[in-house]
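Down below is the structure, laid out as C-alpha cells.
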Amino acid sequence: ALIVATATAAFASSQTVSLSIDRTIAGLYDRYRAEGWVLFGQLVPTSFATQLERTDPDILHAEAWERTSGAIGSVATDIWGVPAETTIYQPHLVAGTWLRPALPMAAVLTQNLAQRVGAQVGSVVRLDMDRQSVLIQVVGIVDDDSTYLGATTVGKVFLRANDLERLQGHGGRARLFGLQLLSSAPHAVDTALEGLEQQYRSLRPITLAIYQDQEVAKQVIGILALLLRAMVLIVLLIGIAGIANTLLLNLTERRREVGILRALGASTSQLLLLITGEGLGMGIIGLTLGLAASYPIAQALIEQAGERLFRIHLALSFATPLLACALTLTAAALASIGPGFVAARLRPVEVLRYE
Numbered sequence: 009a010l011i012v013a014t015a016t017a018a019f020a021s022s023q024t025v026s027l028s029i030d031r032t033i034a035g036l037y038d039r040y041r042a043e044g045w046v047l048f049g050q051l052v053p054t055s056f057a058t059q060l061e062r063t064d065p066d067i068l069h070a071e072a073w074e075r076t077s078g079a080i081g082s083v084a085t086d087i088w089g090v091p092a093e094t095t096i097y098q099p100h101l102v103a104g105t106w107l108r109p110a111l112p113m114a115a116v117l118t119q120n121l122a123q124r125v126g127a128q129v130g131s132v133v134r135l136d137m138d139r140q141s142v143l144i145q146v147v148g149i150v151d152d153d154s155t156y157l158g159a160t161t162v163g164k165v166f167l168r169a170n171d172l173e174r175l176q177g178h179g180g181r182a183r184l185f186g187l188q189l190l191s192s193a194p195h196a197v198d199t200a201l202e203g204l205e206q207q208y209r210s211l212r213p214i215t216l217a218i219y220q221d222q223e224v225a226k227q228v229i230g231i232l233a234l235l236l237r238a239m240v241l242i243v244l245l246i247g248i249a250g251i252a253n254t255l256l257l258n259l260t261e262r263r264r265e266v267g268i269l270r271a272l273g274a275s276t277s278q279l280l281l282l283i284t285g286e287g288l289g290m291g292i293i294g295l296t297l298g299l300a301a302s303y304p305i306a307q308a309l310i311e312q313a314g315e316r317l318f319r320i321h322l323a324l325s326f327a328t329p330l331l332a333c334a335l336t337l338t339a340a341a342l343a344s345i346g347p348g349f350v351a352a353r354l355r356p357v358e359v360l361r362y363e
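Residue numbers (the numbering used here): 9 to 363.
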C-alpha cells in the first residue's frame, strides 16, 4: 500500500505542478497584450509608433517603450519605461495606483522586488542606473514575476517612458516598440513581422513574436514535466509489481483456503473477483494515503521550482484526483490479474493433499 501511495502522490503532485506552471505562464503572458516586439538598431523618435500604425495595415497599435538595468541598494533589477496610458501592459495592482501622466519620477514596483527591498506605497527609494542615482516615489505595487530563464535580476521597476528617456539622455527617442497586430494567428504574426523587417531594414530591426517566446518557455518547462512523469511511471510500475508480489505471497500462505473454495465449487471468475478485490483494497488504501500526501508534496515542488524559475501560483483541478483514482485502481486491478489466474489454476486435490 505504501508503494501505491507513493505512486499516487507522485502522479497527483506532478499533475498539479504541471498545471500550476502552465497557468502561471499563461497569466504572465496575459499581462503583455502585444503580439510582437521590435528593437531597432538605432534610436528613433517615439512618434515613430504613430508612423508604424499609419503605414503598416497589420499593426493596430504601437507603443514606444524603454528598458535598461539598475539597482535599488544591492538588489539588481530591470527598469522599464512604459507609456502611462499603455494598452499593452495590463497591471495587476496589489497596492496603490498605476503610473499617471501628472506624477513625474513616480514608480511602480513588482511585488517580489518591493518585498526584497522593503518598499511600500509612498516609499521614496534611490534607484541606481548608468552611473547616476535618482530618487523615485513608489506609487504602486503589481503582481508580475515574468522574467527570462537565467535572469540574475529581481523584479521590475516601471517608470513613465518619457522619464526614463530623459534620464538616459535619449530626448524623446526610443529603440523598443510593442506591437498589437491585426491578427494573433502565428502565420499572420510572422508575416507582419517579416514585412516590418523588410520595410525598415535600414534601421536594423530585430523582431520577436510573443507566441514563439511563449512556446519556448513551455518547451523548457516541459522538460521538468517530462522528468516528473517519468518518475511517476517508474514508481507506478514498482507499485504494480508490489501489489502482485503481495497477492502472490498471500496466496502462498492461503493455499488451503483456496483449495477448500475450489472444492466447494468456486468458479474461476469468483476466485478472480476475490483476488482482484484484495488488490483493489490495497489500491484504495494507497490511493487515500497518496492523495493526502500529494498536496504538501506539490507545494514543496512548486516552491523549489519557483526559487529557480519564477513564482508559481498553485493551481488545483478536480480532474487530478479523478485521474489519480482511475490510474491507481486500474493499476491495482491489472496487478491482481496474474495472482488471480494462479489461484484459479490451483487443483483442490493437490492443495489439500499438500496441506
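For glycine and all other residues, C-beta sits at the position ideal for the given N, C-alpha and C. The structure presented is a predicted model; accordingly, all values stated were derived computationally and were not measured.
Same chain only: Cβ atoms within 6 Å of residue i, ignoring 5 sequence neighbours per side
i	result
A13	G294, L297 and G298
A103	V129 and I149
I214	L47
P194	Y219
Residue i versus residue j: straight-line alpha-carbon distance, rounded
i	j	result
L232	Y208	40 Å
G203	Q59	15 Å
Q227	I87	27 Å
G163	T328	32 Å
G250	L236	21 Å
P347	Q278	13 Å
D198	P304	43 Å
T160	G81	15 Å
Y362	L281	At Y362 the pLDDT is 48, less than 50, meaning the model places this residue with poor confidence and gives no usable figure here.
T24	L241	16 Å
A200	R108	32 Å
A126	D153	The sequence shown places Gly at residue 126, not Ala. Distance between the alpha carbons of G126 and D153 is about 17 Å.
A301	S21	9 Å
A16	L216	In the sequence under discussion, the amino acid at residue 16 is Thr, which differs from the Ala named in the question. C-alpha separation (whole angstroms): 41 Å.
Counted within 10 angstroms of its Cβ, other Cβ atoms place residue i as buried (16 or more) or exposed
i	result
F19	buried
A114	buried
D38	exposed
R168	buried
S191	exposed
R134	exposed
R212	exposed
P65	exposed
S210	exposed
Residues near residue i in its chain [Cβ-Cβ closer than 8 Å; skip 5 each side]
i	result
L337	L288, G291, I292 and L295
R41	T95, I96, Y97, Q98 and Q188
I33	Q222, A225, K226 and I229
Residues of its chain near residue i, where Cβ-Cβ distance is below 7 Å and the 5 sequence neighbours each way are ignored
i	result
A57	A70, E71, A72 and F185
P112	D171
For the 8 Å Cβ check, are there 3 or more pairs between the stretch 72-83 and the stretch 175-190? Contact between the stretch 72-83 and the stretch 175-190 is present, because at least three Cβ pairs lie under 8 Å.
Can you give, in chain order, each stretch of the alpha helix (DSSP H) that sits fully within the stretch 134-210 and has at least 4 residues? Within the stretch 134-210, the runs of alpha helix (DSSP H) at least 4 residues long that lie entirely inside it are, in chain order, 169-175 and 194-207.
What alpha helix (DSSP H) runs, 4 residues minimum, are completely inside the stretch 97-134? Fully enclosed alpha helix (DSSP H) runs of 4 or longer: 119-125.
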